[in-house]
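Colleague:
Number of protein chains: 2
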Amino acid sequence: MTAIRPVFYVSDGTGITAETIGHSLLTQFSGFSFLTDRISFVDDADKAREAAARIRVAGEQYGVRPIVVNSCVDEQLSAVLAQSGALMLDVFAPFIGHLERELDQPRQAHVGRAHGMVDFDSYHRRIEAMNYALTHDDGVGLDYEEADVVLVGVSRAGKTPTCVYLALHYGLKAANYPLTDGDLESDRLPPRLKAYRRKLFGLTIDPERLHQIRQERRPDSGYARLETCRREVQAAEAIFGLERIPMLSTTYVSIEEISSKVLSTLGLQRGMF
Amino acid sequence: MTAIRPVFYVSDGTGITAETIGHSLLTQFSGFSFLTDRISFVDDADKAREAAARIRVAGEQYGVRPIVVNSCVDEQLSAVLAQSGALMLDVFAPFIGHLERELDQPRQAHVGRAHGMVDFDSYHRRIEAMNYALTHDDGVGLDYEEADVVLVGVSRAGKTPTCVYLALHYGLKAANYPLTDGDLESDRLPPRLKAYRRKLFGLTIDPERLHQIRQERRPDSGYARLETCRREVQAAEAIFGLERIPMLSTTYVSIEEISSKVLSTLGLQRGMF
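Here you go:
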């Protein structure tokens, strides 16, 4: 039986930073069933007391000390949270002193600033990128002049979620072009893509996996048949090879990893949102 | 003149954890122009040496000590990176000891595990959620039986990016329904939404801001006119009030913040991806 352990991500903002680092830390331990809970927007003493009470109750319920991953900037709020008796992991505390000395400046304790709308222009760019991804999805819009990257691949290879991720997180204008039967039979890059060659990135996938995915969408169709998947993937990979388009298999790789590889391969450096 | 300071997010995986916490830390200091750079998939000594060289060069170029936010799990790789002379902020180090003692277990140093495809089922759920968001965007699919949440609001109030974010990050099936002229004139909830009342969340926006956004999309149209925006927003807010639908203004709020509020208001607790 795996031991249950309640974990709380507590923040004066969205809680994204606390949850991101907390999740990374917990993946380094196994054999536990971590029951995670998010308590966001804890920005005054009342909310902190309420959060502390909730955390204490969870500890009593499971008869084990809860873990709190805390990103509240205000130390007084953190002190209130600590009264819950939980193991407190303060996300910022270990680093702030080093940075204050290095930058010769005291931190400015703005509450919940990291995932707020800090910079209106870059936020706007991100929303624009999102709209771009949706209007240039699946070969709908085919003008790639403005695109930062064009993902190319067979249907259901993972292009759309990756484009949306690139837009939301990096503000990149990411289009995607599905290789059609006609493209695949011609054994070469579709002429309309040639002008954008340095923006192209190929996504491929294991044919068995592709078959499973398509099977769920259109059971027992010609589209989903394993034979079709094998033929399409082989033709797509041949085109990528011949045209020297960088390529990545998405079979065992997450959207985050695909996105990181696309950025580093195409030399796109953008800050994350 | 703002001082330039190079910052590197270095990771054996995607670098998302390092960049998330690094970004949160840097927003607490002002007056600097942080030049951020991401070095992902640093998972062997050669790559670590290459990264260290790149960091050292940046320090020489700007005549200032670089800052490295490092999430490499392998301490030997971190030691190689430290040879760059940068200020090293190790994202995991301050917390691992506490967790090892609390959980009575040594960490398992899996490289780059946090944003990889750890759990296939939950990853699949996320991709399904993404497909759901795209097929239930902007009133396209109107069957909300499967939806976890349905965002309601006037056109361009921020529904689509929020739905996509909820899908990508929380694996939630988020649909969105744009209030049409007919809906707004009737002064009440569209009948087709009534069955899903407890899944509804209203998004509203400052009319002046809405006017700006629409103006960019369709300049000088009736749709973009300030008067139209005022009337639509007022009618939408009246419906939300009358029908007691929770509501949030998106004017000064980021997608992350909107998503967090939706989750906490509707009591949806889901781990983040």
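Chains A and B, in that order, are what the protein sequence lines are. Residue numbers for the first sequence follow numbering that gives the first Met the number 0, so the first one is 0 and each next one is one higher. Residue numbers for the second sequence follow numbering that gives the first Met the number 0, so the first one is 0 and each next one is one higher. For each residue, glycine too, the CB sits at the ideal point set by N, CA and C.
How would you list, in chain order, the residues of chain A whose beta-carbon sits under 7 Å from the beta-carbon of B:T13?
Modeller: E255, E256 and S259
Colleague: Tell me the rounded alpha-carbon separation between B:L171 and B:A52.
Modeller: 42 Å
Colleague: Return no unless some Cβ of chain A is closer than 8 Å to the Cβ of B:M246.
Modeller: no
Colleague: With DSSP collapsed to three states, give me the class of B:S248.
Modeller: strand
Colleague: Quick one: any contact between the region 1-10 of chain B and the region 23-32 of chain B, if contact means 3 or more CB pairs under 8 Å?
Modeller: yes
Colleague: What does A:V67 touch in chain B if you count any residue whose Cβ is under 7 Å from its own?
Modeller: Those do not exist, as A:V67 stays about 11 Å from chain B at its closest Cβ, beyond 7 Å.
Colleague: Out of A:D11, A:A50 and A:E18, state which residue places its alpha-carbon closest to the alpha-carbon of B:H168.
Modeller: A:E18
Colleague: What number of angstroms, rounded off, separates the C-alpha of B:V90 from the C-alpha of A:S258?
Modeller: 22 Å
Colleague: Is there a C-beta anywhere in chain A that falls below 8 Å from the one on B:V41?
Modeller: no
Colleague: Under 7 Å Cβ-Cβ, which residues of chain A neighbour B:H210?
Modeller: Within chain A, no residue comes near B:H210; the closest Cβ sits about 15 Å away, beyond 7 Å.
Colleague: Is it a yes or a no for the region 148-167 of chain B touching the region 132-140 of chain B, going by three-plus beta-carbon pairs under 8 Å?
Modeller: Yes, they touch.
Colleague: Can you name, in chain order, every residue of its own chain whose Cβ lies under 6 Å from the Cβ of A:H114, other than the five neighbours on each side?
Modeller: G12, T13 and I15
Colleague: Mind pulling the chain A residues with CB within less than 9 Å of B:A273?
Modeller: The structure shown does not extend to residue 273 of chain B, since chain B is modelled only from 0 to 272, so the question has no answer here.
Colleague: Answer with buried or exposed for A:A237, where buried requires no fewer than 16 other C-beta atoms within 10 angstroms of its C-beta.
Modeller: exposed
Colleague: Determine whether the beta carbon atoms of A:A44 and A:L80 lie at a separation below 8 Å.
Modeller: no
Colleague: Is the beta carbon of B:E101 less than 8 Å from the beta carbon of A:R55?
Modeller: no
Colleague: How close, in whole Å, do the beta carbons of B:R155 and B:I212 come, if the pair is a contact with beta carbons under 8 Å?
Modeller: Rounded, the Cβ-Cβ distance is 5 Å, consistent with contact.
Colleague: Quick one: does B:E145 have its CB under 8 Å from some CB of chain A?
Modeller: Under the 8 Å criterion on CB atoms, B:E145 is classed as non-interfacial with respect to chain A.
Colleague: Counting pairs of Cβ atoms below 8 Å between the region 91-98 of chain A and the region 28-38 of chain A, do you hit three or more?
Modeller: no
Colleague: In terms of residues, what are the limits of the alpha helix (DSSP H) holding B:R269?
Modeller: Premise fails: B:R269 is in no alpha helix (DSSP H) and is neither H nor E.
Colleague: Considering only their Cβ atoms, is the gap separating B:G157 from B:L202 smaller than 8 Å?
Modeller: For B:L202 and B:G157, yes; Cβs fall inside 8 Å.
Colleague: Return helix, strand or coil for B:T161, following the three-state DSSP convention.
Modeller: helix
Colleague: Excluding the 5 residues flanking B:A92 on each side, which residues of the same chain have their C-beta closer than 6 Å to its C-beta?
Modeller: The same chain holds no residue with a CB closer than 6 Å to that of B:A92 once the five nearest residues on each side in sequence are set aside.
Colleague: Run down chain A in chain order and give the residues with a C-beta less than 8 Å from the C-beta of B:H97.
Modeller: L86 and L88
Colleague: Are the Cβ atoms of B:T250 and B:R208 separated by less than 8 Å?
Modeller: yes
Colleague: Does any CB atom of chain B fall closer than 8 Å to the CB of A:Q75?
Modeller: Using beta-carbon distances, A:Q75 does not count as an interface residue toward chain B, since no partner is under 8 Å.
Colleague: For A:L241, count the other beta carbons within 10 Å of its own beta carbon; 16 or more makes it buried, fewer makes it exposed. Which is it?
Modeller: Exposed, by the Cβ-count rule.
Colleague: What does the alpha-carbon distance come out to for the pair B:R187 and A:A57?
Modeller: So the two alpha carbons sit approximately 41 Å from each other.
Colleague: Does any residue of chain E bring its CB to less than 8 Å from the CB of B:V9?
Modeller: Absent from the structure: chain E. Protein chains present are A and B.
Colleague: Per DSSP, what kind of secondary structure is B:V151 in: helix, strand or coil?
Modeller: strand
Colleague: Flag A:D45 as yes if its beta-carbon sits less than 8 Å from any beta-carbon of chain B, otherwise no.
Modeller: Taking Cβ atoms only, chain B never reaches closer than 8 Å to A:D45, which makes this a no.
Colleague: Secondary structure at A:R100, three-state DSSP: helix, strand or coil?
Modeller: helix
Colleague: Quick check on the DSSP output: the alpha helix (DSSP H) that includes A:A47 runs from which residue to which?
Modeller: A44 to Y61
Colleague: Residues of chain B with CB closer than 7 Å to the CB of A:D142, please, in chain order.
Modeller: Here the premise fails: no neighbours, minimum Cβ distance about 17 Å.
Colleague: Quick one: using the 10 Å Cβ neighbour count with 16 as the cut-off for buried, is A:R216 buried or exposed?
Modeller: exposed
Colleague: Cβ closer than 8 Å: which chain B residues qualify as neighbours of A:L24?
Modeller: F91, F94, I95 and L98
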